[in-house]
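Reading through the structure tokens given below for one structure.
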Amino acid sequence: MSADPAAETVPVTDNLTMLRINGWQVYLWRDGDSVTVIDTGAPGAGPAILAAAPNIDRIVLTHGHVDHCGSAGHLQAATGAPVYAGVGDAGYIRAGTELPPPVFEDWEIPIHRRVAAGLPATAPPVEAVTDLHGGEVLDFGGGAEVLAVPGHTAGSIAIHLPRHGMLFTGDTVANVGSVILGTFNQNRAQTVESFRRLAELDADTACFGHGEPIVADVAARLRRAAATLG
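To convert, note that position 14 of the sequence shown is 55 in my numbering; the numbers rise steadily by one, no gaps.
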């Protein structure tokens with residue numbers, strides 16, 4: 042991993058940009074001059090994120106895996122921005138310790154070995170993390186609704202911006218070739234239930250922890266995928 046990677050910048054909407062840094066995805070939501078970072082990529086991504094957004098107002102972590110929270114401590118130290126995470130993962134993020142492992146499907150094991158190659162097991166600790174339980178409304182995007190979506194991890198959350206028709210699913214949903222259930226789950230049955238709840242929303246744009254954002258036919262695609270889950 043490069044010590045100072047460059048970011049590939051992918052415009053999604055007028056308010057939203059996706060950064061791809063060493064293959065990991067970071068989202069920048071802008072309300073005028075106010076910037077919210079949703080997930081921070083792996084450790085080492087901080088300089089590239091700060092180059093794209095020097096002034097950050099808040100950092101929201103969809104869960105505590107190292108490819109999502111890895112640069113949160115760096116960004117908080119550099120900007121003083123508050124960090125928010127689901128209560129089930131927040132303690133691990135504060136301590137910089139590894140989450141309980143997934144319960145792998147047999148076919149996931151070689152995929153996990155490949156995608157995790159080069160990733161450290163843990164991220165640097167984050168000094169202060171605000172616990173989210175689900176049901177909170179954060180002050181960006183015209184009111185960002187926090188949804189508890191356990192399963193991928195105990196503290197996984199999604200963010201819904203109803204005024205913009207925007208949904209950030211974290212790793213509960215992926216868009217890798219097609220819309221699918223996220224992989225490497227601590228509890229697959231819970232993840233399926235969380236996926237179905239997200240599919241009930243009338244989102245116009247969906248952004249995933251892994252895979253390209255979708256900006257058309259979102260609700261129908263989520264519902265079709267949810268219907269295939271056993």
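Built from N, CA and C at the ideal position, the CB exists for glycine as well.
Just so we're clear, the structure is a prediction, and the values are computed from it rather than from any experiment.
In the structure shown, residue 90 falls within a helical segment according to DSSP collapsed to helix, strand and coil. In the same chain as residue 202, and ignoring 5 residues on each side of it, the C-beta atoms closer than 7 Å to its own belong to 182, 183 and 185, in chain order.
The count of Cβ pairs closer than 8 Å, one atom from the stretch 133-143 and one from the stretch 77-92, stays below three, leaving the stretches out of contact. Spanning the alpha carbons of residue 199 and residue 269 requires a straight line of approximately 21 Å. Taking a C-beta distance under 9 Å as the contact criterion, residue 106 and residue 243 do not qualify as a contact pair.
For residue 235, the uninterrupted alpha helix (DSSP H) segment begins and ends at 229-240.
Counting along the chain, the unbroken alpha helix (DSSP H) around residue 151 starts and ends at 149-157.
CA-to-CA, the gap between residue 172 and residue 47 works out to about 31 Å.
By the Cβ-count criterion, residue 210 is buried, with 16 or more other Cβ atoms from all chains shown falling within 10 Å of its own Cβ. DSSP, read as helix, strand or coil, puts residue 52 in strand.
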